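Participant: First the structure, then my questions, so here it is.
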Amino acid sequence: MSDVATRLDVFKTYKLYVGGKFPRSESGRVYEVTDSKGEWLANAPLGTRKDTRDAVLAARKAVKGWAGTTAYNRGQVLYRVAEMLQGRREQFAAEVAVSEGIGPKKAAALVDAAIDRWVWYAGWTDKVAQIAGGANPVAGPYFNLSSPEPTGVVGVVAPQAGYGHSLLGLVSVIAPAIATGNTVVVAAAADAPLPALSLGEVLATSDVPGGVVNIVSGRTADIAPTLASHQDVNALDLTGAIAADGPGAAYALEAAAADTLKRVVRPALDPFAQDWTNAPGTKRLLSFLETKTVWHPKGI
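Okay, so the sequence shown: first residue is 19 according to my numbering, each after it adds one.
The following block contains the structure:
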């Protein structure tokens, strides 16, 4: 009989990511996260409306500083996220595999694609102004110049369906929003929150200022309506609003967002058929930008 005691694994405590810190839910409650076979994986914090409001407050405080950062520096920060994610590739591959019920090779490929997507959006930060703005031809002795500006705080309902949704889909909705100078509050996928909560740990060590990205896990029906109705949220990405009915359904969230005239991005017609490995294009880069146009008289 061995004298060496059997070692017990140290289970990870997943926490919210709000304002650059890792708080537990104010309710103190958690919920069980299971794999595709129903086996227990971990306990995730059960975020509440109060947690969501705290996240919005943190995002609002970060808007001025992040929007005022040069596009070049924002690109460097996004590239740093890719570097740090690369260093934790194995952990994320394991979390993606159990979250989506796929094999290790496919999961590793999805993590690689997520890393590459951070790099891709990092390259766009100082180029998006060329496709979203410029000099406009006008009939008169004026210069007419348009330039894009960030919308502000964006509420994001993270993807909850489609191939690669747990990490690659999440990156595909966060990265373009912050690349253009917005801050975000993310309602993590309720059934697959682990990659999102671990991404918060990467962001915290990647030079991303606190409050630029905030991640809250829990019931979408609790978190999303708070984002939709909050007067300090400027725009809403409903990619993960896949419920057919109830407070978390896209139509209900759109109605709540209408009261404060939010800009809204609707979910795909068939979210379950969505393949997040497809090339993202520039649509999401332009989704949360406002155009400022300046008229200036020419000299005689």
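The C-beta atom is built at its ideal place from N, Cα and C for all residues, glycine as well. These numbers were taken from a predicted model, which means no experiment stands behind them.
Just tell me which of A210, T257, I192, G83 has its CA closest to the CA of A291.
Facilitator: When only C-alpha atoms are compared, the closest one is T257.
Participant: Buried or exposed for H314, please, with buried defined as at least 16 other CB atoms from any protein chain shown within 10 angstroms of its CB.
Facilitator: It counts as exposed.
Participant: Let me check understanding here. Comparing Cα to Cα, which of A153, A205, T201 lies closest to K310?
Facilitator: Here the closest residue by C-alpha is A153.
Participant: Round the Cβ separation of I233 and Y35 to the nearest angstrom and send it over; I've been treating them as touching at under 8 angstroms.
Facilitator: Confirmed, Cβ separation roughly 4 angstroms.
Participant: How about V231 and V204: do their beta carbons lie closer than 8 angstroms?
Facilitator: In this structure, V204 lies closer than 8 angstroms to V231 by Cβ.
Participant: Please confirm whether A259 and A253 have their CB atoms less than 8 angstroms apart.
Facilitator: Contact flag unset, no.
Participant: Give me the residue from Y160, T24, F306, A23 with the minimum Cα distance to V282.
Facilitator: The shortest C-alpha separation from V282 is found at F306.
Participant: Pairs of beta-carbons, one from the segment 120-135 and one from the segment 86-105, closer than 8 angstroms: are there three or more?
Facilitator: Yes: at least three Cβ pairs fall under 8 angstroms.
Participant: Would you kindly report the start and end of the unbroken beta strand (DSSP E) that includes W138?
Facilitator: From DSSP, W138 is part of no beta strand (DSSP E) but of the alpha helix (DSSP H) over 122-142.
Participant: Below 7 angstroms CB to CB, which residues in the same chain sit around V48 once its five sequence neighbours on both sides are set aside?
Facilitator: Only N61, A62, P63, L64 meet the Cβ criterion.
Participant: Classify V251 as helix, strand or coil using the three-state DSSP reduction.
Facilitator: Of the three classes helix, strand and coil, the one that applies to V251 here is coil, per DSSP.
Participant: Out of G182, T169, Q94, point me to the one whose CA is closest to T143's CA.
Facilitator: That would be Q94, whose Cα lies nearest to the Cα of T143.
Participant: What alpha helix (DSSP H) runs, 4 residues minimum, are completely inside the segment 137-187?
Facilitator: Entirely contained in the segment 137-187, the alpha helix (DSSP H) runs reaching 4 residues are, in chain order, 146-150.
Participant: Pull up the DSSP beta-bridge partners for K310, would you.
Facilitator: Answer is S165, bridged to K310.
Participant: If you check the beta carbons only, do A197 and L304 fall under 8 angstroms apart?
Facilitator: Cβ atoms of A197 and L304: not closer than 8 angstroms.
Participant: Can you list, in chain order, the residues of its chain with a C-beta nearer than 8 angstroms to that of A147? Leave out the 5 residues immediately preceding and following it.
Facilitator: The residues are A89, S165, P166.
Participant: Taking 8 angstroms as the cut-off, does the segment 25-34 touch the segment 171-188 (at least 3 CB pairs, one atom from each stretch)?
Facilitator: No, they do not touch.
Participant: At which residues does the alpha helix (DSSP H) containing R237 begin and terminate?
Facilitator: No alpha helix (DSSP H) holds R237; DSSP gives it neither H nor E.
Participant: With three or more C-beta pairs closer than 8 angstroms as the rule, is the segment 238-252 touching the segment 270-284?
Facilitator: Contact holds: three or more Cβ-Cβ distances are below 8 angstroms.
Participant: Tell me the DSSP secondary structure of Y97 in three-state form.
Facilitator: Three-state DSSP puts Y97 in a helix.
Participant: Can you give the Cα-Cα distance for L221 and V312, rounded to whole angstroms?
Facilitator: Roughly 36 angstroms separates the two Cα atoms.
Participant: Name the two residues that bound the continuous alpha helix (DSSP H) containing R25.
Facilitator: First-last for R25: undefined, no H or E at that position.
Participant: Grab me the residues of S117's own chain with a C-beta within less than 7 angstroms of its C-beta, minus the 5 sequence neighbours each way, in chain order.
Facilitator: If we look at S117 and ignore the five residues flanking it on each side, its Cβ neighbours are S184, A210, L212, P213.
Participant: Provide the residue span of the beta strand (DSSP E) that contains Y35, from first to last.
Facilitator: It is not in any beta strand (DSSP E) - Y35 carries neither H nor E in the DSSP assignment.
Participant: To the nearest angstrom, report how far apart G46 and W84 are at their CA atoms.
Facilitator: Spanning the two alpha carbons is a distance of roughly 31 angstroms.
Participant: Give the range of the beta strand (DSSP E) segment to which V282 is assigned.
Facilitator: First-last of the beta strand (DSSP E) with V282: 281-283.
Participant: Between the alpha carbons of P122 and K55, how many angstroms are there, rounded?
Facilitator: Going from the Cα of P122 to the Cα of K55 covers about 16 angstroms.
Participant: So, helix, strand or coil for L59, using DSSP?
Facilitator: Correct three-state label for L59: strand.
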